[in-house]
Amino acid sequence: MAPTQFLRDKWSYVLLLLLALLLPFLITNRYVFQIVIMGCLFSITTLSLNLILGYTGQASLAHAGFFGIGAYGVAILTKAGLSFWLALPLSALLAAGIGFLIGLPTLRSRGSYFAISTMCFGVIVSIVAGNWIEFTGGYNGIVGIALPNPLPIPLIGEIGFQTQTAQYYLVLAFLLLTLLIMHRLVSSLLGLSFMAIRNNEVLAGAVGINAFAGKILSFVVANFFAGLAGGIYASLMGTISPSTASLELTFNWLIFLLLGGAATLAGPIIGAFVIPVIMEYLQFLAEYRLIIFGVMLIVVIIYFPRGVMGAITNLKQRSRDFFGRRKETIKGVAGG
Amino acid sequence: MLLEVKNLSKHFAGLVAVNGVDLKVREGEMLAIVGPNGAGKSVLFGLISGLIRPTYGQIHLQGEEITGWKPHRIADQGIARTFQTTALFDQLRVVDNLALGYRLRTAGGFWSTLFHTRRWKEDKNRTTGKVMETLNFIGLADKAFHFVSTLSQAEQKRLSIGVALISQPKMILLDEPTGGLILEDTDEITALIKKIHKVAGITICLIEHKMRMVMDLAERIVVLNFGSVIAEGTPGEISKNPAVIEAYLGGESVA
């Protein structure tokens with residue numbers, strides 16, 4: 011695709027990227043900036059939850075468990091003297107590896123059985139974190155986890171991560187990496203076979219798709235990114251505790267995903283940014299705001315099964331039908 | 024011999040659904056399996072395609088034993104199938120369904136998808152070509168980007184046959200390809216099946232209730248009743264077979 015054509019088709023994405031890159035110059039409030047950084051981090055977890063739940067149709071409730079494994083991995087390894095840049099991929103791989111082992115038995119069950127068994131695993135992770143005191147510091151958790159080591163960049167010099175701006179660019183870089191990988195996966199035949207497994211597992215088998223292997227792959231990749239996000243979280247926050255792997259976090263991401271739009275790439279990011287902001291504005295309602303989210307969730311699931319993004323796509327489709335400008339080309343067959 | 028089924032049986036908690044069936048499918052033939060409701064026809068297809076594990080007996084495809092294999096491996100070996108209640112990926116578009124049918128002829132693993140390797144690009148282009156070709160073959164080119172749920176019953180039946188066809192199978196098992204269709208649509212599907220047999224040269228094994236269609240299509244007919252083969256022969260022979268007439272007419276009062 012020629013660069014000008016690319017700009018014409020994807021100008022909105024380019025604009026968004028520019029905005030994201032310039033964001034540190036637009037936000038002056040440290041508190042707001044911190045919310046943005048957490049939004050990026052939780053976008054990664056929600057995007058990866060989206061792969062296994064949204065695209066592959068397997069409701070994993072162990073996501074915060076794997077986030078916690080990544081977090082504890084980075085905390086313990088950096089305390090042992092390892093560089094963050096080595097500890098992070100190792101911890102993400104650990105989460106992926108444990109995900110593989112957990113997936114072997116649990117992915118043989120379906121629907122709510124899979125949800126319950128993964129939920130149990132998530133709870134077990136936080137119980138282990140609370141009781142394996144020599145390693146995890148028990149319920150006090152681990153404090154004083156080092157920030158990411160400064161990155162030596164040729165010509166520019168070292169980049170440290172003490173400032174919020176540097177931390178923001180760090181999480182943004184990982185978010186973009188996650189987004190790129192998710193995009194490649196879901197817009198390919200491989201992603202299509204994940205959706206086939208979600209849609210009709212028996213038929214998927216009949217057309218030659220190994221559904222079990224597909225689910226394992228999706229689960230492992232999702233858990234890799236959950237672990238990755240957990241590792242970054244540990245290093246940026248400096249303290250972690252068993253609540254880092256709590257079920258509550260999984261349910262938060264689940265709400266981000268369902269409200270933002272499952273099985274879309276923009277939905278999880280919209281959810282991860284918009285919902286915490288709404289939460290902030292509804293602070294004054296204290297516990298009652300959960301009622302509002304309950305109602306929102308019910309409304310969205312009934313009227314917009316694919317969340318905000320689904321509603322937007324519907325609107326676009328309708329306006330396109332209305333104006334009769336259907337520009338469908340055969341290029342879209344196997345995705346981009 | 025393309026497919027050889029020996030003494031194949033399936034018991035469901037005491038109920039004998041398929042009872043010692045011997046069946047041979049020759050390369051390139053059009054075989055029909057008929058029989059009253061509950062005769063075990065669909066279970067037989069389930070056994071051959073690996074969806075149901077046989078209680079005993081063997082299945083050989085071109086001399087290789089495939090008994091007890093998982094459905095995706097059997098599909099990979101070249102047995103494609105359709106389902107009685109039309110099964111499609113109804114959350115996806117027509118082109119996606121066909122691309123998924125061809126998926127087993129592509130590599131597209133995790134790493135090649137991640138790095139868009141040359142192999143991955145070749146597979147993608149080949150898939151696009153095959154999808155186009157199949158769309159034209161089954162006459163759904165104008166509905167390529169429609170979602171399955173918007174297709175008519177007959178179009179869905181055609182698409183499900185297309186999904187089986189695109190996988191370049193050695194044989195296709197069609198489970199009631201015209202079930203629930205009106206007469207004109209039935210003729211259209213019959214023509215499509217003939218085309219697949221003649222033009223694509225694929226062996227076809229179909230289950231059907233509409234005797235007129237079976238007599239028109241099949242070169243050979245196997246009749247099942249209560250899980251056993253009760254007759255086998257050309258359409259001419261079958262229509263005169265007393266056991267078959269008994270099963271279809273006299274059998275009514277027994278069942």
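Chains as they are written, first to last, in the working numbering: chain S, 11 to 346; chain Z, 24 to 278.
Every residue gets a Cβ at the ideal spot worked out from N, C-alpha and C, and that includes glycine.
This one's a predicted model, so the numbers in the text were calculated from it and none came from an experiment.
When secondary structure is reduced to three states using DSSP, Ile37/S falls in the coil class, being assigned neither helix nor strand.
Residue state for Gln100/Z is assigned as helix, using DSSP reduced to three classes. Taking 8 Å as the cut-off, the beta carbon of Asp119/Z is found no closer than this to the beta carbon of Gly218/S. Annotation for Glu88/Z: Gln81 and Ile82 place their beta carbon closer than 8 Å to its own, counting only its chain and skipping 5 residues before and after.
Counting only residues of its own chain and dropping the five nearest sequence neighbours on each side, Leu104/S has a CB closer than 7 Å to the CB of Ile79, Gly83 and Gly237. Judged by pairs of C-beta atoms under 8 Å, the segment 192-202 of chain Z does not touch the segment 125-133 of chain Z, as fewer than three such pairs exist.
Restricted to the segment 60-93 of chain Z, the alpha helix (DSSP H) segments that are unbroken, complete and at least 4 residues in length are 64-71, listed in chain order. Bounds of any beta strand (DSSP E) do not take in Thr105/Z, whose DSSP letter is neither H nor E. With respect to the C-alpha of Leu98/S, the residue from Ile108/S, Ile86/S and Ile169/S having the closest C-alpha is Ile86/S. At least one C-beta of chain S is nearer than 8 Å to the C-beta of Arg126/Z. Sorting Leu121/Z, Glu242/Z and Leu206/Z by C-alpha distance to the C-alpha of Arg49/Z places Glu242/Z at the top. C-alpha of Ala270/Z to C-alpha of Val222/Z: approximately 35 Å in a straight line. For Phe184/S, the closest C-alpha among the options Ser58/S, Leu195/S and Thr128/S is that of Ser58/S.
According to DSSP, residue pairing for Leu186/S in a beta bridge does not occur. Near chain S, meaning a CB-to-CB distance below 9 Å, the residues of the segment 65-87 of chain Z are Ser72, Gly73 and Leu74. In this structure, Lys33/Z and Ile75/Z form a Cβ contact; the two beta carbons are roughly 6 Å apart against a cut-off of 8 Å. When Cβ-Cβ separations below 8 Å define contact, Met205/S makes contact with chain Z. Here the alpha carbons of Gly64/S and Leu114/S stand approximately 20 Å from one another. Annotation for Ser119/S: Ser127 place their beta carbon closer than 7 Å to its own, counting only its chain and skipping 5 residues before and after. At least one CB atom of chain Z sits nearer than 8 Å to the CB of Ala216/S. Contact between Asp208/Z and Ser172/Z does not hold, since their C-beta atoms are separated by about 18 Å, which reaches or exceeds 8 Å.
If you draw a straight line from the Cα of Leu213/S to the Cα of Phe168/Z, it is about 20 Å long.
8 Å or more divides the Cβ of Arg149/Z from the Cβ of Leu163/Z. Within the DSSP secondary-structure output, Lys89/S pairs in no beta bridge.
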